[in-house]
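Listed in order, the protein sequences are those of chains A and B.
Under the numbering used here, residue 415 is the last one in the first sequence; the count climbs by one each step, no gaps.
Under the numbering used here, residue 415 is the last one in the second sequence; the count climbs by one each step, no gaps.
Glycine included, each C-beta is placed from N, C-alpha and C at the ideal position.
Here's the structure we're looking at; comments come further down.
Protein chains: 2
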Amino acid sequence: MRWTKSFLFTMKEAPEEAESISHQLMLRTGMIKMLVSGVYSYLPFGFRALENVMGIIRQEMNAAGAQELLLPAIQPIELWQKTRRDELLGEVMLRFQDRKGRRLCLGPTHEEVITDLVSTYIQSYRDLPFTLYQIQTKFRDELRPRFGIVRACEFFMKDAYSFDKDTAGLNETYERMRSAYNNIFSRCGLTCVNLKADSGVIGGDTSHEFLVPAESGEDVFLQCQACGAALSEKDAGENATHCNAAMVKKSAMEIGHIFKLGRKYSDVFGLKYLDESGKQQPIEMGCYGIGVSRLLPAIIEQNHDADGIIWPMGVAPFKVMVLAVNVSDTEVFGTAQKIYEQVRNKNIAVLFDDRDLRAGAKFKDADLLGIPLRVTIGEKFKKEKKIEVKYRESKKVDYLDEAQFDKLLNDIR
Amino acid sequence: MRWTKSFLFTMKEAPEEAESISHQLMLRTGMIKMLVSGVYSYLPFGFRALENVMGIIRQEMNAAGAQELLLPAIQPIELWQKTRRDELLGEVMLRFQDRKGRRLCLGPTHEEVITDLVSTYIQSYRDLPFTLYQIQTKFRDELRPRFGIVRACEFFMKDAYSFDKDTAGLNETYERMRSAYNNIFSRCGLTCVNLKADSGVIGGDTSHEFLVPAESGEDVFLQCQACGAALSEKDAGENATHCNAAMVKKSAMEIGHIFKLGRKYSDVFGLKYLDESGKQQPIEMGCYGIGVSRLLPAIIEQNHDADGIIWPMGVAPFKVMVLAVNVSDTEVFGTAQKIYEQVRNKNIAVLFDDRDLRAGAKFKDADLLGIPLRVTIGEKFKKEKKIEVKYRESKKVDYLDEAQFDKLLNDIR
Chain A
3 MRWTKSFLFT MKEAPEEAES ISHQLMLRTG MIKMLVSGVY SYLPFGFRAL ENVMGIIRQE
63 MNAAGAQELL LPAIQPIELW QKTRRDELLG EVMLRFQDRK GRRLCLGPTH EEVITDLVST
123 YIQSYRDLPF TLYQIQTKFR DELRPRFGIV RACEFFMKDA YSFDKDTAGL NETYERMRSA
183 YNNIFSRCGL TCVNLKADSG VIGGDTSHEF LVPAESGEDV FLQCQACGAA LSEKDAGENA
243 THCNAAMVKK SAMEIGHIFK LGRKYSDVFG LKYLDESGKQ QPIEMGCYGI GVSRLLPAII
303 EQNHDADGII WPMGVAPFKV MVLAVNVSDT EVFGTAQKIY EQVRNKNIAV LFDDRDLRAG
363 AKFKDADLLG IPLRVTIGEK FKKEKKIEVK YRESKKVDYL DEAQFDKLLN DIR
Chain B
3 MRWTKSFLFT MKEAPEEAES ISHQLMLRTG MIKMLVSGVY SYLPFGFRAL ENVMGIIRQE
63 MNAAGAQELL LPAIQPIELW QKTRRDELLG EVMLRFQDRK GRRLCLGPTH EEVITDLVST
123 YIQSYRDLPF TLYQIQTKFR DELRPRFGIV RACEFFMKDA YSFDKDTAGL NETYERMRSA
183 YNNIFSRCGL TCVNLKADSG VIGGDTSHEF LVPAESGEDV FLQCQACGAA LSEKDAGENA
243 THCNAAMVKK SAMEIGHIFK LGRKYSDVFG LKYLDESGKQ QPIEMGCYGI GVSRLLPAII
303 EQNHDADGII WPMGVAPFKV MVLAVNVSDT EVFGTAQKIY EQVRNKNIAV LFDDRDLRAG
363 AKFKDADLLG IPLRVTIGEK FKKEKKIEVK YRESKKVDYL DEAQFDKLLN DIR
């Protein structure tokens, strides 16, 4: 993409509304734009990162044997009355009545819908086990939206639901999902802690949450100052020490939560199967959520410096940025353009800063946008015919000849 | 995907609710499942087709220079009052008030949001032209939902918005979008007519719609019996003849609509730019919609026979189906499994019918699902070591040796 053709606008200063570093950087890089409090548009630069995150989630969920589907956002209230979660969710759930008088809501989660749906298809043990998932827009009547898209009224979730013959099967699926989650978060450049958690309105007897330590996080956990072990406040109980060292309270952002639901929903919806001996048996369910849009601020909280974002390669909106120092110098511009085409032809997402601006402003923007590799063509190239490659993360600079540069590109995944 | 592991259930008969052939086939192949009237889940087989359609749309929109973003579904009513479309849309638009008393709606279209958004970024002629698009869930309070996902309360739209310096620029963009639409529909296996249309609540002075002739369609157009020329009812006027032959009324499904909006929205939101001489100029807009989910029934209406769906290769949920005639025959099953792995390793979406069912039922299901290539391993293979390939569309059968089969796979895109 050529910058002069793209809908990409950076800001020197973040608007006052921005409360956290990730919120500031998402606004300054033109990733998102507020429509009304808690409601955001994803602009092209932000959308590219969102799409990459979704791609990683899909790959890992599919690799773990889950199948993607898409459930409706609109749900009838009656379904929620069956599990009594109608009252439990209360005003957070957006509700409306349609012209036909139907009482509907925009479902913040889909346990009822999927259990009801699955019960019309499943007959015998031969149909089990399986896991279904979706990536979907969810809605919440959020009283206090905060930190940009971290706590918003409209956001993306990945929710998966598993169906097993017995608890042994559920336990196995649960561990497979936990390991898929670890893969997803690590590919997103996130370091997180995985703690036993409270199951809340979702229910079931066991659940684990995935937390990203971040100053602006609204969750907390305890960490041992000696060994680094993480514990939930509840599990730490009255013990203020671990390894004889003090436990420190840390802020964190919840990015995932997995639940062993057991029979909570299958009992209500009569979801059963016939076992090998022809006897009816209840189905053991699990559910697995990821706050997809929230991963972007989480990634930025953990991957930035004073100058801007430092995108991990796997989620970077562009992997390479080609910067022509002086676009009115025909040799510089021609070479930069040639290199831009070369990177593009390798199917590597590349941004070409072809703007007629002074070099300082362009370098500042490059650091702010945080694209992993910056390829600069300027005086240095004219003199020595070497391509300057700067790594955003290490700040290391390499000067490569054509063959070395080509090899570097081939190593980018 | 192995059938025994997949959430894929076929039905011999369509439920009574199904009114059109595409609706029947989508239910019988387990592509969709109704939650409440007008509200559907996409099950994995349907979701795969939807995803392929979206992939084609993205490729062609990007190739035409458009940039993807994502605007919120939730919109403030005030934005709609500015263009007076609040009244115009009336009860079709889903509205609600949130806990903070904000009057919000689920926007069925995004001219207001995008014009308002763009106006905060655009300053000069250097920022123009550009086209932005999104693929998004839209909501409608539909009084009479029909034909499954054809007329539904929740559906997918691709909506694009273009911004040009003048009408010459708009005209050029409009034609580029029209040609992108033709590419999209033809890659989806659709034959459609493109007619001048009424601009309705969207507005502007010129618009064209893309219609797919289909018996269950709710739109109509006129076609000359001699030359096949298509005309809108309005354009045909009082003339019941063309080429001296009678014009016949045909039913059709609207799948796309493109509009020259001109300054309708930019005037309301003060969207202007500074031209080369520093003078303020209004921006000329266009907008371009595709009924994304509706493409699936449209494709099926045009691509089916008495036995089931005939998927065009580009959108087929699976491109190849491997069918083991008798799974208890170890040679048959082993060979089928080997071939399944071979296809998978070439990154071709493949369904392996490994179910322990009689051959007749499996062949019927294969025809119903409509996967382009059916590879059958049975007695014939045991005797002659030839791989049977049946083409769903032509019903032609080939018997290939290993090298020929490998070549066939390499030719599949």
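In or out: residue i buried (at least 16 other Cβ within 10 Å) or exposed?
i	result
A:Arg-429	With chain A running from 3 to 415 in the structure shown, residue 429 of chain A is simply not present.
B:Leu-145	exposed
B:Asn-347	exposed
A:Glu-345	Per the sequence shown, residue 345 of chain A should be read as Val rather than Glu. Per the 10 Å Cβ criterion, buried.
B:Glu-235	exposed
B:Ser-181	exposed
A:Pro-17	exposed
A:Asp-166	buried
B:Asp-221	buried
B:Ser-24	buried
A:Gly-48	buried
A:Gly-191	buried
A:Gln-83	exposed
A:Glu-256	buried
Straight-line CA distance for residue i to residue j?
i	j	result
B:Phe-326	B:Met-3	This sequence places Ala at residue 326 of chain B; Phe is not what is there. Computed Cα separation, rounded: 14 Å.
B:Asp-356	B:Thr-12	15 Å
B:Leu-119	A:Lys-35	8 Å
B:Gln-225	B:Lys-252	7 Å
A:Arg-360	B:Met-179	35 Å
B:Glu-286	A:Pro-74	36 Å
B:Gly-92	B:Ile-79	12 Å
B:Lys-366	B:Ile-373	12 Å
A:Asn-184	A:Phe-212	9 Å
B:Phe-9	B:Asp-143	31 Å
For the beta strand (DSSP E) that contains residue i, what are its first and last residues?
i	result
A:Glu-156	156-166
B:Ala-65	First-last for B:Ala-65: 46-65, but that is the alpha helix (DSSP H), not the beta strand (DSSP E).
B:Pro-284	282-284
A:Gln-83	From DSSP, A:Gln-83 is part of no beta strand (DSSP E) but of the alpha helix (DSSP H) over 79-84.
A:Ile-389	389-393
A:Leu-27	Element bounds for A:Leu-27: not the beta strand (DSSP E) but the alpha helix (DSSP H), 23-30.
A:Pro-105	First, the amino acid is wrong: residue 105 of chain A is Arg here, not Pro. 105-108 is the extent of the beta strand (DSSP E) around A:Arg-105.
Against residue i, what residues of chain B qualify as contacts under a CB-to-CB distance less than 7 Å, listed in chain order?
i	result
A:Thr-139	Ala-75, Thr-139
A:Leu-71	Ser-43, Tyr-44, Leu-45, Pro-46, Phe-49
Using a cut-off of 8 Å between C-beta atoms, extract the partners of residue i located in chain B.
i	result
A:Glu-17	The displayed chain sequence assigns Pro, not Glu, to residue 17 of chain A. Per Cβ cutoff of 8 Å: no residues; A:Pro-17 is ~11 Å from chain B at best.
A:Tyr-275	The contacting residues do not exist; A:Tyr-275 stays about 14 Å from chain B at best.
A:Glu-278	Simply none; closest approach about 14 Å.
A:Phe-132	Lys-7, Ser-8, Phe-9
Given that residue i touches chain B, what residues does it touch there, using C-beta distances under 9 Å?
i	result
A:Cys-155	Pro-74, Ile-76, Asp-100, Leu-106
A:Ser-24	Here the premise fails: no neighbours, minimum Cβ distance about 18 Å.
A:Lys-123	According to the sequence shown, residue 123 of chain A is Tyr rather than Lys. Per Cβ cutoff of 9 Å: Phe-9, Phe-11, Gly-32, Lys-35, Leu-45.
A:Leu-410	Result: empty, since nearest Cβ-Cβ is about 25 Å, beyond 9 Å.
In terms of residue numbering, what span does the alpha helix (DSSP H) encompassing residue i cover?
i	result
A:Gly-132	The sequence given here has Phe at residue 132 of chain A, not Gly. Premise fails: A:Phe-132 lies in the beta strand (DSSP E), 132-141, not in any alpha helix (DSSP H).
A:Glu-114	113-121
A:Leu-71	Element bounds for A:Leu-71: n/a, residue is neither H nor E.
B:Thr-175	169-189
A:Ser-268	266-270
B:Asn-347	332-347
B:Asp-237	235-238
A:Asp-1	In the structure as shown, chain A starts at 3 and stops at 415, and residue 1 of chain A therefore has no counterpart that could be examined.
State the CB to CB distance for the pair residue i and residue j, rounded to an integer number of angstroms; the pair is presumed to be in contact (CB under 8 Å).
i	j	result
B:Phe-133	B:Ala-170	Going by the sequence as given, residue 133 of chain B is Thr instead of Phe. That belief does not hold up - the Cβ atoms of B:Thr-133 and B:Ala-170 are roughly 16 Å apart, past 8 Å.
A:Ile-124	A:Tyr-342	Wrong, their Cβ atoms sit about 53 Å apart, outside the cutoff.
B:Phe-383	B:Val-352	Not quite, the Cβ-Cβ distance comes to about 17 Å (not below 8 Å), so this is no contact.
B:Thr-117	B:Ser-268	6 Å
A:Leu-90	A:Val-203	5 Å
B:Leu-298	B:Met-95	Their Cβ separation, rounded to whole angstroms, is 25 Å, which puts B:Leu-298 and B:Met-95 out of contact at 8 Å.
Does the distance between the C-beta of residue i and the nearest non-hydrogen atom of the ligand NAD fall short of 8 Å?
i	result
A:Phe-49	With respect to the ligand NAD, the structure offers nothing, as it holds no ligand at all.
Identify the contact partners of residue i in chain A, using a Cβ-Cβ distance below 9 Å as the criterion.
i	result
B:Leu-29	Those do not exist, as B:Leu-29 stays about 12 Å from chain A at its closest Cβ, beyond 9 Å.
B:Val-115	Leu-37, Ser-43
Who are the neighbours of residue i on chain A, taking C-beta pairs under 7 Å?
i	result
B:Asp-143	Asp-100, Arg-101
B:Leu-263	Here the premise fails: no neighbours, minimum Cβ distance about 18 Å.
B:Leu-119	Lys-35, Ser-43
Taking Cβ-Cβ distances shorter than 8 Å, what residues in chain A pair up with residue i?
i	result
B:Glu-93	Arg-101
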